[in-house]
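Residue numbers (the working numbering): 443 to 572.
Have a look at the structure below, then the notes.
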């Protein structure tokens, strides 16, 4: 399988689907980036911001074949976004190595009780976000 994606890129995704709970933010625009060394199969991603609120949360690789998959490793983080106090519980980012398709999910609230995703999220990581 040959990957067709760049090793370093910045992009935005909108979380316009809620798969669990009550939406915390309305269709939040999330800015992500990643830097991946394909020769070493190593790298990191960042959730740089949500709705222009700077976060710079590091997302670590999950080691899933065929996809660059990343997940945060943080304690619940309280932030104010667009004047609203929210808690970020977990962040997951996937980039398909062949198609370049990007998808993301964020679990909100102290217990992750709300999950908002991109509209192409198919709950591939059900065990990580349940």
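Quick reminder that beta carbons are idealized off the backbone N, C-alpha and C, glycines included.
>> Mapping the DSSP letters down to three states, classify residue 563 as helix, strand or coil.
In response: coil
>> By the three-class DSSP mapping on this structure, what secondary structure does residue 451 have?
In response: strand
>> So, does the region 543 to 563 touch the region 450 to 466, judging by three or more C-beta pairs under 8 Å?
In response: yes
>> Using a Cβ-Cβ cutoff of less than 6 Å, which residues in the same chain neighbour residue 518 once the five nearest sequence positions on both sides are dropped?
In response: 529, 531 and 552
> In this structure, does DSSP put residue 460 in helix, strand or coil?
Replying inline: strand
>> Just to confirm before moving on: does the CB-CB distance between residue 499 and residue 489 stay below 8 Å?
In response: yes
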